[in-house]
Amino acid sequence: MHHVGSPILWAHGGKDVATRPVVRTTTGEAQRKLLIAQIHNERGVCRYKLVCFDQAVQDYTQALALNPALAAAYYHRATIHYRLLAGHPKGSSRKQALGQQAMQDFKEAVRRDPNNIEFKEGLQSCRDEIEAVLNRGSSKFQE
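Numbering (UniProt numbering), first residue to last: 1 to 143.
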C-alpha cells in the first residue's frame, strides 16, 4: 500500500524549482532514511557546484549517517578533500589530514562499488598526489 507523504523540496540545477509529494510505502522508516540520505547527497552535489565545500561535506556526512552504504557520498566527500589539498602548504597538518580523509573516503567508495571506474580513478589520483608529496620530502600521509 502506498500513500503520499509530505512534500519534500527537490533541487534542479542547483536551484529549488518545485515541491513534489514523496510516495512512501508502509515499510516506513528504513525507506525514509534511504530517501533522505539520497536527498542530502544530491544537495551536497549542488553545494559542491556552488563551491560551498564545507556545507557540501556536511551534507555528505549526513547522508552517510543515514545510509553508510551510499558509495557516491564517500566519493563526493573524498573529491572535496582531494581538491582542498592544493590550497594548503606542503607539510601542513591540515594538508596531511585532508589527504588521509580523501584516501579513506576514496577507498570506502571503491570498496562499496568496486566496478565504478570513476571511483577507482579518484582513488588512483589521490594515491599519485600523496606519492608525489612524499617524493618531494614533504609530510607523511598514512594510507
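Note that beta-carbon positions come from the ideal geometry of N, C-alpha and C, so glycine has one too.
Outcome for I39 when other beta-carbon atoms lying within 10 angstroms are tallied against a minimum of 16: Reading the sequence shown from its first residue, position 39 is the one you call residue 39. By the 10 Å Cβ count, I39 comes out buried.
Cβ pair Q77, D105 closer than 9 Å: As a first step, residue 77 must be located in the sequence shown, where it is residue number 77. As a first step, residue 105 must be located in the sequence shown, where it is residue number 105. One detail in the question is off: residue 77 reads as Arg in this sequence, not Gln. Yes, these two residues count as a Cβ contact at 9 Å.
Through-space distance from P68 to K33, alpha-carbon basis: Counting from 1 along the sequence shown, the entry for residue 33 is found at position 33. Counting from 1 along the sequence shown, the entry for residue 68 is found at position 68. Each residue's alpha carbon lies about 11 Å from the other.
Outcome for N115 when other beta-carbon atoms lying within 10 angstroms are tallied against a minimum of 16: Position 115 of the sequence shown holds residue 115. Exposed, by the Cβ-count rule.
Classification of G61 by the beta-carbon crowding that lies within 10 angstroms, buried from 16 upward: What you label residue 61 is simply residue 61 of the sequence shown in a count that begins at 1. Correcting the residue identity first, residue 61 is Thr in this sequence and not Gly. Under this definition T61 is an exposed residue.
Cβ distance (whole Å) where A65 is taken to contact N41 below 8 Å: Locating residue 65 in the sequence shown gives position 65, counting from the first residue. Locating residue 41 in the sequence shown gives position 41, counting from the first residue. About 12 Å; that fails the 8 Å criterion.
Best match in K90, F53 and V110 for proximity to A132 [C-alpha to C-alpha]: In the sequence shown, counting from the first residue as 1, residue 132 sits at position 132. Here the closest residue by C-alpha is K90.
DSSP three-state assignment for H81, whether helix, strand or coil: The residue you call residue 81 lines up with position 81 of the sequence shown. Looking at H81 - three-state DSSP - the assignment turns out to be helix.
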